[in-house]
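Chemist: Taken in order, the sequence shown gives residues 94 to 344; the numbers are from our numbering.
Sending over a structure as structure tokens; questions will come in a sec.
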Amino acid sequence: GYYVSFGDPSIFRCGRAVASALFPKEPLLAHLGVEIDYPMYGQFLRLHADQAQPHRSTAFRTACLRNGINPDVRAPGPAHHGGHIERLIGTMVGKLRLLPGATGSNATQRDGYDAGREAAMTLPEFERWLLYQIAIYHNSPHAALGGLCPAQVWDREARRHPPLLPVSRDPDRVFREFLPSKTLTVHPNGVHINYRHYWHDVLRNRVGQKLEIGRDERTIQHVYAEIDGEHIELTVKGYYPDVSEAEWEAE
Numbered sequence: 094g095y096y097v098s099f100g101d102p103s104i105f106r107c108g109r110a111v112a113s114a115l116f117p118k119e120p121l122l123a124h125l126g127v128e129i130d131y132p133m134y135g136q137f138l139r140l141h142a143d144q145a146q147p148h149r150s151t152a153f154r155t156a157c158l159r160n161g162i163n164p165d166v167r168a169p170g171p172a173h174h175g176g177h178i179e180r181l182i183g184t185m186v187g188k189l190r191l192l193p194g195a196t197g198s199n200a201t202q203r204d205g206y207d208a209g210r211e212a213a214m215t216l217p218e219f220e221r222w223l224l225y226q227i228a229i230y231h232n233s234p235h236a237a238l239g240g241l242c243p244a245q246v247w248d249r250e251a252r253r254h255p256p257l258l259p260v261s262r263d264p265d266r267v268f269r270e271f272l273p274s275k276t277l278t279v280h281p282n283g284v285h286i287n288y289r290h291y292w293h294d295v296l297r298n299r300v301g302q303k304l305e306i307g308r309d310e311r312t313i314q315h316v317y318a319e320i321d322g323e324h325i326e327l328t329v330k331g332y333y334p335d336v337s338e339a340e341w342e343a344e
């Protein structure tokens, strides 16, 4: 799985990558208009992760465990401790450097090159390009796999382990469990976040209580309150544009 963003690593973005790995890719491919075969999905039991702060957070670990995933954060040390992923990153970075607008790996390579002016892709265009690169990788022979392609090995192993994902697994629920959250008090006019008020009728009898509130960084239109094991959508009161928190603060 993967997730493309301009932002720094966060619980939200790491969670989106986990969800991408868990669920079938056909809806995403159809949305982006990409015609490739990307059959990899399903329940995985262990997540190998580096020492990035989101991977070490209690919220991320809890969300993983709720979904049957053991977050295995490697000990601090050289990159070769995660050699398999570092090699894949190296392969992809080598292709990225060929794109117009690539910044290079150091100041010497960037000398006199205006990456911003030379950039030629929007984020959706880049995501389409990345998907094609993933497809090429999946269908290229690997010596470590005895000359087979990753897609061939996946197909062989997947046939031995049906079903790949429990029928009860809900993408929306998984997504909400990986949202960054904080504990907030319910006021008579709702939950307060940055001078905005969020409300749902379920809060009417919970005034004064403290609830865990999850926030989707892509929009200020709603947040999610965790109540009795469910994530209830609270809608912002008043008129606000459908923008991200960062966009709203920048205005």
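Ideal Cβ placement from N, Cα and C applies to all residues, glycine included.
Which same chain residues end up closer than 7 Å to residue 110 when comparing Cβ atoms and leaving out the 5 residues on each side of it in sequence?
Modeler: Excluding sequence neighbours, residue 110 sits near 94, 95, 96.
Chemist: Counting only the same chain and skipping the five closest in sequence on each side, list residues whose C-beta sits under 7 Å from that of residue 267.
Modeler: The residues are 112, 115, 160.
Chemist: Using the three-state DSSP reduction, which class does residue 288 fall into: helix, strand or coil?
Modeler: Of the three classes helix, strand and coil, the one that applies to residue 288 here is coil, per DSSP.
Chemist: According to DSSP, simplified to helix, strand and coil, what is residue 113?
Modeler: Looking at residue 113 - three-state DSSP - the assignment turns out to be helix.
Chemist: Helix, strand or coil: how does DSSP classify residue 307 here?
Modeler: Here residue 307 sits in strand by DSSP.
Chemist: Do residue 135 and residue 257 come within 7 Å of each other at the CB atom, strictly closer than that value?
Modeler: Yes, these two residues count as a Cβ contact at 7 Å.
Chemist: Residue 307 and residue 324 look like a contact to me (Cβ under 8 Å); what is the Cβ gap, rounded to whole Å?
Modeler: Contact holds; Cβ gap of about 7 Å.
Chemist: Is it true that the region 281–290 meets the region 299–319, where meeting means three or more beta-carbon pairs spaced less than 8 Å apart?
Modeler: Touching, per the Cβ criterion.
Chemist: Alpha carbons only, please: which of 122, 338, 328 is nearest the one belonging to residue 217?
Modeler: Of the candidates 122, 338, 328, the one whose C-alpha sits nearest the C-alpha of residue 217 is 122.
Chemist: Starting from residue 325 and walking both ways along the beta strand (DSSP E), at which residues does that stretch end?
Modeler: Looking at the DSSP string, the run of the beta strand (DSSP E) that includes residue 325 is 323–329.
Chemist: Bridge partners for residue 277 per DSSP, in chain order?
Modeler: Note: residue 277 sits in a beta bridge opposite 304.
Chemist: Which residue wins for smallest C-alpha separation from residue 154, given the options 341, 272, 317?
Modeler: Considering only alpha carbons, the answer is 272.
Chemist: State the Cα-Cα distance for the pair residue 242 and residue 231, rounded to the nearest angstrom.
Modeler: Between residue 242 and residue 231, the C-alpha separation is close to 6 Å.
Chemist: Quick one: measure Cβ to Cβ for residue 336 and residue 313, integer angstroms, because I've assumed they're closer than 8 Å.
Modeler: About 6 Å separates the two Cβ atoms, so the contact holds.
Chemist: Starting from the Cα of residue 145, find the closest Cα among 317, 106, 292 and give me that residue.
Modeler: For the residues 317, 106, 292, the minimum Cα distance to residue 145 belongs to 106.
Chemist: Taking C-alpha atoms, which residue in 234, 322, 100, 238 lies nearest to residue 270?
Modeler: Closest by alpha carbon: 322.
Chemist: Quick check: the Cα distance between residue 298 and residue 319, rounded to an integer number of angstroms?
Modeler: The straight-line gap from Cα to Cα measures roughly 15 Å.
Chemist: What is the DSSP secondary structure of residue 125, counted as helix, strand or coil?
Modeler: Looking at residue 125 - three-state DSSP - the assignment turns out to be helix.
Chemist: Beta-carbon separation of residue 142 and residue 104 under 7 Å?
Modeler: No; because the gap between Cβ atoms is not below 7 Å, this pair is not in contact.
Chemist: Note down the Cα distance separating residue 148 from residue 128, rounded to an integer number of angstroms.
Modeler: Cα to Cα, residue 148 sits roughly 32 Å from residue 128.
Chemist: In the DSSP assignment, find the unbroken beta strand (DSSP E) run with residue 318 in it and report its ends.
Modeler: Counting along the chain, the beta strand (DSSP E) containing residue 318 begins and ends at 315–320.
Chemist: Output the boundary residues of the alpha helix (DSSP H) element that contains residue 243.
Modeler: Taken as a continuous stretch (DSSP letters only), the alpha helix (DSSP H) holding residue 243 covers 243–251.
Chemist: Where do the N-terminal and C-terminal ends of the alpha helix (DSSP H) with residue 267 fall, by residue?
Modeler: 264–270 is the extent of the alpha helix (DSSP H) around residue 267.
Chemist: By DSSP, does residue 231 sit in helix, in strand, or in coil?
Modeler: Helix at residue 231.
Chemist: Is it right to say residue 164 is buried, meaning 16 or more other beta carbons lie within 10 angstroms of its own, or is it exposed?
Modeler: So residue 164 counts as buried.
Chemist: When you compare only the Cα positions, how much space is there between residue 330 and residue 315?
Modeler: Residue 330 and residue 315: Cα-Cα distance of roughly 9 Å.
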